[in-house]
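What follows is a single structure, written as structure tokens, with notes after it.
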Amino acid sequence: MSTEATPDTAPEIVDDDPDPIVEMQNIHKSFGSIQALSGVDLKIRENEIMGLVGDNGAGKSTLIKTLVGIHDQDDGSIFINGQVVDIDSPRDAREHGISTVYQDLAMVDELSMAANTFLGRPPTKSFAGVFELIDWDRMEDEAARMMSENLNLDINPSKRVELLSGGERQAVAINRALVTDPELVILDEPTSALSTESADRVMELIRQLKAKGLSVLVVSHNLDEIFSLTDRTTVIANGRNVSTVETAAVDRSDVVQMMVSMEVPEHLQE
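For the sequence shown, counting from 1, position 166 maps to 165 in numbering that gives the first Met the number 0; every step adds exactly one.
In structure tokens:
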């Protein structure tokens, strides 16, 4: 296996799965004179928790924003269940079974848990056969049911999110991501700025997603989180792949070395 990223040669990626549910292949993206991604590959299997790690500026955010249609790649292809697709917007991504929970959660503090769960997509009912009105009772019932069934949590659906804990707010954001019944949920720095107790609760929520058959992509700087949660991890640096590894087969120092040196440690090359 090639282990060093050079300007002309990207490293070979560990790949024993011919049928990923989502594949990004040879993705290039530049912003003016800045080359953010240079031939990056990412493959996510069915029902796995995949980690994506890299130092600041490695290209993680650009890669994810390309996957969900915020950025258009300059070159390369995206495949969903083996079929090449064009994803032009987050709505497109959701239609292809990809939901994203961003680091800032995009919550409206003054609205309830239920209203944030269905933000932009509220259930409606007909009034006088002409007007469509928000069905508040149904929305609260559905939000509470989803929270219980998907995440095993009991949060008052009428409670304003500004009154929730950090872990509960993250749960609401995940609940909202599940409204569209996705195959893949992307979580961007899911435990950032949370207390230890809230972070532990969020990691348990992520495990529950896998237990329900979903695939999860965790984008994180927190290596303890990566080692606690993920089945495999892709390491990128300077917009290039370094390696994709079985997380249990490496340790923290291995991942740090790959992030810093852009080389796979010798003992992993056998």
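Positions of the beta carbon are idealized from the N, C-alpha and C atoms, including for glycine.
message: Extract the residue ranges of the alpha helix (DSSP H) inside the stretch 109–146, only unbroken runs of 4 or more that lie entirely within it.
response: As far as the stretch 109–146 is concerned, its whole alpha helix (DSSP H) runs of at least 4 residues are 112–116.
- request: Could you spell out the range, first to last residue, of the alpha helix (DSSP H) harbouring Glu196?
  value: First-last of the alpha helix (DSSP H) with Glu196: 195–210.
message: Considering only the alpha carbon of each residue, which of Gly119, Leu118, Asp134 lies closest to Ser125?
response: Comparing Cα positions, the closest option is Asp134.
message: Quick check on Phe117: buried or exposed, where buried means 16 or more other Cβ atoms within 10 Å of its Cβ?
response: Per the 10 Å Cβ criterion, buried.
- prompt: Within the chosen definition, does the stretch 57–68 reach the stretch 141–153 through at least 3 CB pairs nearer than 8 Å?
  reply: Pairwise C-beta distances place the stretch 57–68 out of contact with the stretch 141–153, as fewer than three of them are shorter than 8 Å.
- prompt: How would you call Ser219, buried or exposed, if buried means at least 16 neighbouring beta carbons within 10 angstroms?
  reply: Buried, because 16 or more other Cβ atoms sit within 10 Å of the Cβ of Ser219.
task: Check the C-beta distance from Leu176 over to Thr99 and give it rounded, since I have them as a contact under 8 Å.
output: Going by the sequence as given, residue 176 is Ala instead of Leu. In this structure, Ala176 and Thr99 form a Cβ contact; the two beta carbons are roughly 7 Å apart against a cut-off of 8 Å.
task: Helix, strand or coil for Lys158, going by three-state DSSP, please let me know.
output: In the structure shown, the three-state DSSP call for Lys158 is coil.
- request: Would you identify the three-state DSSP class for Met258, choosing helix, strand or coil?
  value: In the three-state DSSP reduction, Met258 falls in the helix class (H, G or I).
query: What is the DSSP secondary structure of Ile225, counted as helix, strand or coil?
result: Helix, per DSSP.
- prompt: Just reading off the beta strand (DSSP E) that Asn240 is part of, what are its end residues?
  reply: Per DSSP, Asn240 belongs to the beta strand (DSSP E) from 239–245.
query: Using the beta-carbon count (16 or more within 10 Å), is Ile33 buried or exposed?
result: Classification of Ile33: exposed, given that the 10 Å Cβ count is below 16.
- request: Quick one: give me the first and last residue of the alpha helix (DSSP H) that Asn174 is part of.
  value: In this chain, the alpha helix (DSSP H) harbouring Asn174 covers 165–176.
message: On a Cα-Cα basis, can you pick out the residue from Asp18, Gly68, Val52 that is closest to Asn46?
response: Ranked by how close their Cα comes to the Cα of Asn46, the residues Asp18, Gly68, Val52 have Asp18 in first place.
DSSP-derived helix/strand/coil call for Leu36: Three-state result, Leu36: strand.
- prompt: Excluding five sequence neighbours on each side, which residues of the same chain lie with their C-beta closer than 8 Å to the C-beta of Met258?
  reply: Result list for Met258: Val52, Gly53, Asp54, Ala57, Val234, Ala236, Val241, in chain order.
The beta strand (DSSP E) enclosing Ala236, as first and last residue numbers: 231–236 is the extent of the beta strand (DSSP E) around Ala236.
query: Run through DSSP, which three-state label would Thr179 get?
result: Coil.
task: Note down, in chain order, each residue of its chain lying with its Cβ closer than 8 Å to the Cβ of Ser227, except the 5 sequence neighbours on either side.
output: Here the set comprises Met202.
Rounded straight-line distance, which links the Cα of Gln169 to that of Val67: Using only the alpha carbons, I get a separation of about 20 Å.
message: So for Gly81, helix, strand or coil by DSSP?
response: Coil, per DSSP.
- request: Find out if the Cβ-Cβ distance for the pair Gly238, Ser197 is shorter than 8 Å.
  value: Their beta carbons are not under 8 Å apart, which means Gly238 does not touch Ser197 by this criterion.
- request: Could you please give the first and the last residue of the uninterrupted alpha helix (DSSP H) stretch that includes Leu267?
  value: Boundaries for Leu267: no alpha helix (DSSP H) harbours it, and the DSSP string shows neither H nor E there.
query: Is there contact between the stretch 23–30 and the stretch 202–214, where contact requires at least three CB pairs shorter than 8 Å?
result: Cβ pair count under 8 Å is below three, so no.
field: Spatial distance of Lys143 from Ala113 (CA atoms)
entry: According to the sequence provided, residue 143 is Ala. The question's Lys does not apply to it. Going by the C-alpha atoms only, they are around 7 Å apart.
task: Give the C-beta separation of Val215 and Ile225 to the nearest angstrom, bearing in mind that I take them to be a contact with Cβ-Cβ under 8 Å.
output: Taking the Cβ atoms as the reference, Val215 lies roughly 12 Å from Ile225, outside the contact range of under 8 Å.
- prompt: Would you call Lys107 buried or exposed, if buried means 16 or more other Cβ atoms sit within 10 Å of its Cβ?
  reply: Correcting the residue identity first, residue 107 is Val in this sequence and not Lys. Result: exposed.
field: Limits of the alpha helix (DSSP H) - the one that Leu62 falls within
entry: Taken as a continuous stretch (DSSP letters only), the alpha helix (DSSP H) holding Leu62 covers 59–66.
- prompt: By Cβ distance below 7 Å, which residues in the same chain neighbour Ser191 in space, the five residues on each side in sequence not counted?
  reply: If we look at Ser191 and ignore the five residues flanking it on each side, its Cβ neighbours are Gln102.
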